[in-house]
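As structure tokens, the structure follows; a few thoughts come after it.
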Amino acid sequence: MVLLEIEGLRAEVEGKEILRGIDLRLPMGEVHAIMGPNGSGKSTLAYVLAGREGYTVTGGSARLAGEDLLAMEPEARAAAGVFLAFQYPVELPGVGNANFLRTALNAVRRARGEKEIDAVNFLKEARAALRRLSMADEMLKRNVNVGFSGGEKKRNEVFQMALLEPRLAILDETDSGLDIDALKIVAEGVNALRGPDFSALVITHYQRLLDHIVPDKVHVLSEGRIVRSGGPELAKALEASGYAGLAAEAA
Amino acid sequence: MSVAMSTALQEAAEGFAARYQRLAPRLPGPAGARRRAAAIFRARGLPDTHDEAFRFTSLRPLAGVTFAGPALADGPAVTDEVMRALLARAPATEGPRLVFANGRLQADWSRLPETFRVASFSAEPVFGGEEIAEDEPLVALNTMLAEDGAVISVPEGVDGGTLVLLSLGAGEAGRAADFHPRHRLELGAGARLALVEIALGEGVYLHNPVMEIGLGAGASLSHLRLQNESARAFHLARLHVTLAERALYDGYSLVCGARLARSEIHADIAGEGARLAVNVAQLLDGERHADITAVVRHMAPGCSSRQAVKNVITGHAQGVFQGKIAVARAAQKTDGYQMNQALLLSDEAQVNSKPELEIFADDVKCSHGATVGALDPEQLFYLRSRGVPEREARAMLVRAFLAEMLDGVPHEWGRAVLENAVDAWWRDRPL
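For the record, the sequence lines run as chains A and B.
What the first sequence shows, in the numbering used here, is residues 4 to 254, in sequence order.
What the second sequence shows, in the numbering used here, is residues 4 to 434, in sequence order.
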């Protein structure tokens, strides 16, 4: 079954067209990588799928398990199982991480018609997830992302993802700014979620992350279009020849 | 226009002055102080926006209301039924509690503390000394018409625990209540107290309290205030605090009621090493107007003061913060801080801010700052992308804006009182 089906998706930001007709099918249980040079539209695609304001869809469609994803509010997309791991996670001074996560988890559970989780069971689950990501319990007491290092912020994204159990994760350059140890931890966190009910779009500039999260397919984005698709070997080829070589080839 | 305004306010002022004339022989306490106050009030009237101190706050809405006082019990009363309904809205407490209804102490509903003394102003009518600015019209109005109040004294070295002062108000549009309670609190050397003041009510009334607080050497007061008056009420409060050496005044106020509110806080930091903190949060919606005016005078060396005011404003509401730090020549090593932050949730919301520093000492550290902003769209999107519905996300961010103030409340029960009031405030408001 196809979980995410994008057809002819066009979008603009501040009147400038960034996505110029994206076609992509992501089957249930698969992980696809989206690679491309800076400015190719990778992050725009992530934001359009998550429903961020200021990104205007001018054509095409995106369906999640048959439902019109683009018609939903951001919170409805989250309830439907979409999770965006931000490239630059937002700091929320005055909002405790535990309170934030429990509020989010219960909002999603309510929307899915599930029972809310009480504080005790939430802490149990959260602590178990933290241990799997080699994160300290103290993380729960801090304000959301405030004073976190780059690596901590990215791990906090993966931690949220582990708790919210999305069926479609969109990882927007989750590898940027990570050292190799943090990268491995993040990759393990994502790999732990892999299974028949979990799909992901892994957006990255570099091949490095894909050594640890091995994708089923790789798509190359250039100037708002997918210009090539292939297996994991495509990422390796790009690493060797660079995007410039690819653009020359495409032209 | 301004002439018409002055005339309307003048008529309202004349009503109060005439009532004094009528009541004077029956009012408790020193007749001299009353007479002086009445003379000042007759000369000054109710301040209007030509007064620099009231530039941002017009009292004009008072002019259209017919006030009948409690006027030594002949005025509008709080019926038992209303009293019960209002008490049910007040946070529950088992401890000592003073209940005032339209400015009169209600002995039957109050529970006196065991470790220190409380009397009513009507039984022990004493006005403050020279330090209280009788030349200011609203103080003069209070002095002229005060019928009751609380007189509280915690002896040297005693920890008085927690005392709740509950003020209930009720009145009708055609015959509004007005009351001018005169409260006095003295903490002896080394004494401690947590005073939790809660004001609520229904209908139309004017609550114009003056509270004078004297803190002895090393005394410590936590002062929590919840102003949750009726949405049609007027609240004009004046607080005067004097701190002796090493005394601590730690104040936390939440303003979320009244149609028109002005809370003045005047502090004289008179003893070496004293510390004062004034933390205020105002939540304003609709057509409401709320003004915080703080004047902190540093008169002794090595003291610190902190004023932190946060306004959350939506609808057509207006917030005002006027904050002054005055440092006398003798007050070396003063550490003064003042911050005013506003979160504007609608296009028509407005905040006016007037910081003032007046420094005559040369070795001091004083800073002030102000910020005005809206909710951050990136933060909102981050929360919504995690499944939090927009309204809840907005509430979370507003709560976060207030976190610094609410989380700092050093009194668990009091903190819960303020937090519950914040939660209740946006439960039925469009944010």
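In this text, a Cβ means the ideal position worked out from N, Cα and C, and glycines have one as well.
Under the three-state DSSP convention, the category residue i falls into
i, result
"A:Phe-201", "strand"
"B:Gly-417", "helix"
"B:Val-6", "The pLDDT assigned to B:Val-6 is 46, lower than 50, so where the model puts this residue is not dependable, and the model offers no usable value."
"A:Asn-100", "helix"
"B:Phe-237", "strand"
"A:Glu-20", "strand"
"B:Leu-30", "coil"
"A:Tyr-91", "coil"
"A:Asn-41", "coil"
"B:His-186", "strand"
"A:Thr-207", "strand"
"B:Met-214", "strand"
"B:Val-142", "helix"
"A:Ser-137", "coil"
"A:Val-149", "coil"
"A:Ile-183", "helix"
"B:Leu-62", "coil"
"B:Met-399", "helix"
"A:Pro-218", "coil"
"B:Gly-376", "strand"
"B:Asn-423", "helix"
Best match in the options for proximity to residue i [C-alpha to C-alpha]
i, options, result
"A:Lys-45", "A:Leu-29, A:Gly-192 and A:Leu-22", "A:Leu-22"
"B:Asn-3", "B:Leu-144, B:Phe-384, B:Met-342 and B:His-414", "With chain B running from 4 to 434 in the structure shown, residue 3 of chain B is simply not present."
"B:Leu-421", "B:Gly-152, B:Val-154, B:Leu-227 and B:Val-167", "B:Leu-227"
"B:Gly-260", "B:His-301, B:Ala-20, B:His-292 and B:Leu-75", "B:His-292"
"B:Glu-358", "B:Ser-370, B:Glu-407, B:Asp-350 and B:Glu-275", "Just to set this straight, residue 358 of chain B is Pro in the shown sequence, not Glu. When only C-alpha atoms are compared, the closest one is B:Ser-370."
"A:Pro-77", "A:Gly-69, A:Phe-86 and A:Glu-70", "A:Phe-86"
"B:Leu-148", "B:Arg-178, B:Glu-189, B:Leu-75 and B:Leu-218", "B:Leu-75"
"A:Phe-162", "A:Ala-195, A:Ser-179, A:Gly-180 and A:Ile-183", "A:Ala-195"
"A:Met-75", "B:Thr-82, B:His-414 and B:Pro-392", "B:Pro-392"
"B:Arg-58", "B:Val-354, B:Leu-90 and B:Gly-390", "B:Val-354"
"A:Ile-229", "A:Glu-20, A:Ala-14, A:Asn-146 and A:Met-38", "A:Met-38"
"B:Ala-396", "B:Val-375, B:Arg-430, B:Leu-242 and B:Glu-415", "B:Arg-430"
Sub-9 angstroms separation of residue i and residue j beta-carbons
i, j, result
"B:Pro-33", "B:Val-129", "yes"
"B:Arg-387", "A:Ala-81", "yes"
"B:Glu-205", "B:Ala-173", "yes"
"A:Ser-202", "A:Leu-73", "no"
"A:Leu-171", "A:Ala-36", "no"
"B:Gly-193", "B:Gly-221", "yes"
"B:Met-326", "B:Ile-295", "Before going on, a small fix: residue 326 of chain B reads as Gly here, not Met. Cβ distance < 9 angstroms, so B:Gly-326 and B:Ile-295 count as in contact."
"B:Gly-191", "B:Val-161", "yes"
"B:Val-298", "B:Ala-277", "no"
"A:Ala-88", "A:Thr-207", "no"
"B:Ala-373", "B:Leu-347", "no"
"A:Met-164", "A:Val-193", "yes"
"B:Glu-117", "B:Pro-94", "no"
"A:His-215", "A:Lys-187", "yes"
"A:Gly-62", "A:Gly-24", "yes"
"A:Val-34", "A:Arg-135", "no"
"B:Arg-394", "B:Thr-317", "no"
"B:Ser-156", "B:Phe-103", "no"
"A:Val-93", "B:Glu-407", "no"
"B:Leu-263", "B:Asn-231", "no"
"B:Leu-62", "B:Leu-239", "yes"
Interface residues of chain A facing residue i [CB-CB closer than 9 angstroms]
i, result
"B:Glu-422", "Here the premise fails: no neighbours, minimum Cβ distance about 13 angstroms."
"B:Met-214", "None at all; the shortest Cβ gap to chain A is about 31 angstroms."
Contact set between residue i and chain B, taken where Cβ atoms lie within less than 7 angstroms
i, result
"A:Pro-77", "Phe-384, Arg-387 and Ser-388"
"A:Val-93", "Glu-381, Gln-382 and Tyr-385"
"A:Pro-96", "Ala-403"
"A:Leu-87", "Ser-388"
Chain-ordered neighbours of residue i on chain B, where CB pairs are closer than 8 angstroms
i, result
"A:Glu-56", "Pro-380 and Phe-384"
beta-carbon residue i near the ligand GTP non-hydrogen atom, thresh 8 angstroms
i, result
"A:Ala-83", "Of the ligands one can find in the structure shown there are none, so the ligand GTP has no counterpart to examine."
9 angstroms Cβ cut-off: residues of chain B touching residue i
i, result
"A:Leu-167", "Arg-389 and Gly-390"
Neighbour list for residue i in chain A, Cβ cutoff strictly below 8 angstroms
i, result
"B:Glu-407", "Gly-97"
"B:His-395", "One detail in the question is off: residue 395 of chain B reads as Glu in this sequence, not His. In chain order: Thr-106 and Ala-110."
"B:Met-342", "Result: empty, since nearest Cβ-Cβ is about 14 angstroms, beyond 8 angstroms."
Chain-ordered neighbours of residue i on chain A, where CB pairs are closer than 7 angstroms
i, result
"B:Met-147", "Those within 7 angstroms of B:Met-147 in chain A number zero; the least Cβ separation is about 44 angstroms."
Does the count of Cβ pairs from the stretch 306–313 of chain B and the stretch 270–285 of chain B closer than 8 angstroms reach three? yes
Three or more C-beta pairs below 8 angstroms linking the stretch 107–125 of chain B and the stretch 173–193 of chain B: yes
Taking 8 angstroms as the threshold, find out whether the stretch 78–98 of chain A comes into contact with the stretch 383–397 of chain B through three or more Cβ pairs. yes
At least 3 beta-carbon pairs within less than 8 angstroms: the stretch 362–371 of chain B vs the stretch 334–341 of chain B: yes
Between the stretch 52–68 of chain A and the stretch 210–228 of chain A, can you find at least three pairs of beta-carbon atoms closer than 8 angstroms? no
Could you tell me whether the stretch 110–122 of chain B touches the stretch 44–55 of chain B, using the rule of 3 or more Cβ pairs below 8 angstroms? no
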